[in-house]
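Below is one structure, written out as structure tokens, with a few remarks after it.
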Amino acid sequence: MTVLILTSDQDVTADMVVVHLNASGVPVVRLDPADLTGGVSLSGEYVHGSFRGHLWSAGRLVGLEGLRSVWVRRPGAPAARAAAPSAWLTEESSQALYGMLRSTGARWMNHPDAARRARHKPWQLRLAQCSGLPVPATLITTLPQAARDFAERFPDLVVKPVSGAHPQEPPQAVPTSRVPPGTDFAAVAFGPTLLQRRIAKRADIRLTAVGDRLLAARKETPPDADPDEVDVRFATPVLPWAAAEVPPRIAEGVRAYLRGAELAYGAFDFVEDGDGTWWFLECNQSGQFGFVEVDTGQPIARAIAEWLARPAAGLPRRSCDAGTAVP
């Protein structure tokens, strides 16, 4: 049975996983939905209570009933590179491709419905709380006075986007920034603003979860680090990431989070305070892992390949009892 990887041609991180799949003899097909309807084609038939579907890409034919898993890594928008692209064609292609893939018994990393829900940062924060993970005091508001009141209670704050990358072309990451003293917060009225208590950190933590496997990496904050450099992605690089043990409480909370979010993969960001507490910041359901593996040597790509190579779950029989198409 075949592993299907949906991602762009430029995704070198996916190459790391493909190497392990090839080495273990697991068939793998990689394609970018953006190449529908040019270099990628699809066809599916629902007749007499059964479903048969196929995908063609780069001269390869794969039967959808023969998929063991689908890795939704970093795919382009369906049909984005078609001869005559349009929002309508993208929606039609998305419905066709992902609808057919939903009709199979393949295992997902991650299922599109779960991934879409998991992107919402307010939902992440609440799920983390319910999972027993420490979460810094946070306010999301469009009310300047609410922001001022929050700043009085928590004078040392950071501000970050609610949604993540700015939707320009190409998308640009927006750094988490420290809120200057005396800010009046009048601009909060023009759009939702996420304010969060700044944790005086002694280290950043990236925890990569692959199924039940938890692989944590730690980057220590130098004693002379600029306190205004709160975002590790944009801070002056000094020390590499190093493998770290996951505290039992955090391991329990992360696994509870994954169950609640119905995710097979998650890249969790924490900060470690002076007492050793790991504070949850966010979980990226398709977060990068290559930089961690390069620094630490942790077998993240191999863990993903092993998860993808496991047998497909198969559709529950009850979904086909009436001989109807699977929704």
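First residue of the sequence shown? That's 129 in the working numbering, and the numbers climb one at a time after it.
Glycine included, every Cβ here is placed at the ideal spot set by N, Cα and C.
Counted within 10 angstroms of its Cβ, other Cβ atoms place F408 as buried (16 or more) or exposed: buried
Does DSSP put R180 in a helix, a strand or coil? strand
Within a Cβ cutoff of 8 Å, which residues of the same chain sit near P94, ignoring the five residues on either side of it in sequence? An answer regarding residue 94 cannot be provided, because it is not within the stretch 129 to 455 covered by the chain.
Mapping DSSP to helix, strand and coil, what is G292? coil
In three-state DSSP terms, what is V145? helix
Taking the alpha helix (DSSP H) that A353 falls in, what are its first and last residues? First-last for A353: undefined, no H or E at that position.
With a cut-off of 8 Å on the beta carbons, I'd call L271 and L323 a contact; round off their distance for me. 11 Å between Cβ atoms; not a contact.
Just the C-alpha distance for T405 and A370, rounded to the nearest angstrom, thanks. 18 Å
Got a sec, what are the start and stop residues for the alpha helix (DSSP H) I378 sits in? 376-389
Can you tell me which of P262, R383, V374 puts its alpha carbon nearest to the alpha carbon of D340? R383
Could you check the C-alpha separation between D332 and T165 for me, to the nearest Å? 43 Å
So, using beta-carbon positions, are A395 and T232 closer together than 9 Å? no
Inspect the CB distances between the segment 342-354 and the segment 309-327 and report whether three or more fall short of 8 Å. no
Length of the line joining the Cα atoms of E373 and E421: 15 Å
Span of the alpha helix (DSSP H) around Q252: 249-258
Hey, would you say P427 sits closer than 9 Å to L343, going by beta carbons? yes
DSSP three-state call for P410: helix, strand or coil? Note that residue 410 corresponds to Glu in the displayed sequence, not to Pro. Three-state result, E410: strand.
Short of 6 Å in beta carbon distance, which residues of its chain neighbour S222, apart from the five on each side in sequence? Order them along the chain. P206
Top-ranked residue by Cα proximity to V131, from V146, T349, S414: V146
Which runs of the alpha helix (DSSP H), 4 residues or longer, sit entirely within the segment 300-344? none
Starting from D456, follow the alpha helix (DSSP H) in both directions and report where the run begins and ends. Here the chain comprises residues numbered 129 to 455, so residue 456 is not present and cannot be evaluated.
Going by the DSSP bridge assignment, what does D403 pair with across the sheet? Answer is none; D403 lacks a bridge partner.
Let's see if you can read the secondary structure: which residues bound the alpha helix (DSSP H) around L229? 215-230
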